[in-house]
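Engineer: In the working numbering, each number is its position in the sequence shown, counted from 1, plus 34. C-beta: ideal position from N, C-alpha, C; glycine also. The structure under discussion is supplied below as structure tokens; questions concerning it will follow.
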Amino acid sequence: MNFLELAKYVGPKQSIADVMETFNVSYFVAARARDIFRFRQEQPGKKILVVPDCHVEVGQDLSRFKLLAEFANKHRPDIIVQMGDFNSFVSVSFHAKLVEKANITLAAEIKAGKKALDILEDGLDYTPRKVAVGGNHDNYVQRYLDTNPNMRDLIDDMTFGFKPRGWEHTPFPGFTQVEGIVTTHFVQNKMGRAVAASSAVLLARKLVQLTHESVMVGHSHQYGHAEETSITGRTMHGLVTGCFFENDHSYAGQNNVKLWRGVQLLQNAKNGDFRVEPYTIEDMRANLRA
Numbered sequence: 035m036n037f038l039e040l041a042k043y044v045g046p047k048q049s050i051a052d053v054m055e056t057f058n059v060s061y062f063v064a065a066r067a068r069d070i071f072r073f074r075q076e077q078p079g080k081k082i083l084v085v086p087d088c089h090v091e092v093g094q095d096l097s098r099f100k101l102l103a104e105f106a107n108k109h110r111p112d113i114i115v116q117m118g119d120f121n122s123f124v125s126v127s128f129h130a131k132l133v134e135k136a137n138i139t140l141a142a143e144i145k146a147g148k149k150a151l152d153i154l155e156d157g158l159d160y161t162p163r164k165v166a167v168g169g170n171h172d173n174y175v176q177r178y179l180d181t182n183p184n185m186r187d188l189i190d191d192m193t194f195g196f197k198p199r200g201w202e203h204t205p206f207p208g209f210t211q212v213e214g215i216v217t218t219h220f221v222q223n224k225m226g227r228a229v230a231a232s233s234a235v236l237l238a239r240k241l242v243q244l245t246h247e248s249v250m251v252g253h254s255h256q257y258g259h260a261e262e263t264s265i266t267g268r269t270m271h272g273l274v275t276g277c278f279f280e281n282d283h284s285y286a287g288q289n290n291v292k293l294w295r296g297v298q299l300l301q302n303a304k305n306g307d308f309r310v311e312p313y314t315i316e317d318m319r320a321n322l323r324a
């Protein structure tokens, strides 16, 4: 391990001797790693606006994206992160009922998603860094094209509008890192399914314990946050981000009442550490009125 990589794991209270012993490295590597860690700690952290699953659908009220732009303009996040499943893609879902798919085309769904993005983009009065990861609903389109290859030429952008609008986009099931936070729609188990737990808080803790990293995910539509401390004193966070839509979904049934609808502001985010401020959609409206 070189000193640049090692600097990610050095703790705030570790001496050079501690680093040498813990990681079995030379004095030179340990000293450089500690210096880099301290330099990074002295730099101001970033403000990140986290936007969870949006599940845009045809005919849906998209006014929440104007609200999102206004909220971003007020708080001026350095980075906006969208956690996947921006579109529902009911028309190509393997789970949606035929009645739900009636009179809905994939082209209309893609158009609705791009309209939602345009409302957000047109409403922003500054240019933050913008990051998006794909979700399993986005992957429905790829699976549909795999079984209907004659339709492939009809879709020229598998990021569904994100890349042409200047977003960094990572396809599902991949991940990216944002200020040291592993960012993905969900963490997969050995069966390729989403790692799960009985509550969002327990899931947040489980993700940190599995990865030994700060991790944020979408997918569950519930909200939970947990912190763990490594043996070197490094703070690691698990964040399950909820959802950003107001309508109920028929497939969720009684579980609609469990959904957490809103966004999070991560304050002073750097090296995987941050302070989280959750805002429900109603909180966002109240915050803009204040």
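(1) When the Cα of His109 is compared with those of Arg268, Thr161 and Thr204, which residue comes out closest?
(2) How many Å lie between Glu76 and Pro46 at the Cα?
(3) Between the beta-carbon of Val274 and the beta-carbon of Ala238, is there less than 8 Å?
(4) Mapping DSSP to helix, strand and coil, what is Gln288?
(5) Starting from Met250, follow its DSSP beta bridges and name the residues at the other end.
(6) Whether or not the stretch 306-314 and the stretch 254-270 are in contact is what I'm after, with contact meaning three or more pairs of Cβ atoms, one per stretch, closer than 8 Å; do they touch?
(7) Just mark Pro86 as buried or exposed, buried being the case when its beta carbon has 16 or more other beta carbons within 10 Å.
(8) Determine the DSSP secondary structure at Lys304, reduced to helix, strand or coil.
(9) Got a sec? Which residues, its chain only, sit under 8 Å from Trp201 by beta carbon, not counting five neighbours each side?
(10) Report the rounded CA-to-CA distance for Lys7 versus Pro207, giving the unit in angstroms.
(11) Residues in the same chain with beta-carbon distance under 6 Å from Phe220, minus the five sequence neighbours each way, listed in chain order, please.
(12) Helix, strand or coil for His109 per DSSP?
(13) Is the Cβ-Cβ distance between Ile70 and Leu38 less than 8 Å?
(14) From Thr263 to Leu96, what distance separates their C-alpha atoms?
(15) Grab the span of the alpha helix (DSSP H) containing Phe73 for me, first residue to last.
(16) Following the continuous alpha helix (DSSP H) through Thr56, name the residue where it begins and the one where it ends.
(17) Determine, using beta carbons only, whether Met270 and Gly296 come nearer to each other than 8 Å.
(18) Considering only their Cβ atoms, is the gap separating Leu300 from Lys81 smaller than 8 Å?
Structural biologist: Inspection of the coordinates gives the following:
(1) The residue you call residue 109 lines up with position 75 of the sequence shown. His109 has its Cα closest to that of Thr161, out of Arg268, Thr161 and Thr204.
(2) Within the sequence shown, the letter at position 42 stands for residue 76. Within the sequence shown, the letter at position 12 stands for residue 46. Rounded to whole angstroms, Glu76 to Pro46 spans 11 Å at the Cα level.
(3) Working through the sequence shown from its first residue, we reach residue 274 at position 240. Working through the sequence shown from its first residue, we reach residue 238 at position 204. Closer than 8 Å, so yes.
(4) Counted from its first residue, the sequence shown places residue 288 at position 254. Reduced to three states, the DSSP call for Gln288 is helix.
(5) Within the sequence shown, residue 250 is the residue found at index 216, counting from 1. For Met250, which the question treats as bridged, DSSP gives the partners Thr217 and Leu273.
(6) yes
(7) Against the sequence shown, residue 86 aligns to sequence position 52. With 16 or more Cβ atoms within 10 Å of its Cβ, Pro86 is classed as buried.
(8) As a working mapping, residue 304 is identified with position 270 in the sequence shown. Looking at Lys304 - three-state DSSP - the assignment turns out to be strand.
(9) By 1-based counting over the sequence shown, the position of residue 201 is 167. Contacts found: Gln116, Lys164, Val165, Ala166 and Thr193.
(10) With the chain covering 35 to 324 only, the question about residue 7 has no answer from this structure.
(11) Taking the first residue of the sequence shown as position 1, residue 220 is located at position 186. Result list for Phe220: Ala228, Val251 and His253, in chain order.
(12) The residue labelled residue 109 in the question sits at position 75 within the sequence shown. It is helical.
(13) Walking along the sequence shown from the start, residue 70 turns up at place 36. Walking along the sequence shown from the start, residue 38 turns up at place 4. Yes, the Cβ-Cβ distance between Ile70 and Leu38 is below 8 Å.
(14) Within the sequence shown, numbered from 1, the residue matching residue 263 stands at position 229. Within the sequence shown, numbered from 1, the residue matching residue 96 stands at position 62. So the alpha carbons of these two residues sit roughly 40 Å apart.
(15) Position 39 of the sequence shown, counted from the start, is the residue given in the question as residue 73. Run containing Phe73: Tyr61 to Glu76, per the alpha helix (DSSP H) assignment.
(16) Stepping through the sequence shown from its first residue, residue 56 is reached at position 22. That run of the alpha helix (DSSP H) goes Ile50 to Phe57.
(17) Along the sequence shown, one-based indexing puts residue 270 at 236. Along the sequence shown, one-based indexing puts residue 296 at 262. The answer is no: Cβ separation not under 8 Å.
(18) Position 47 of the sequence shown holds residue 81. Position 266 of the sequence shown holds residue 300. The answer is yes: Cβ separation under 8 Å.
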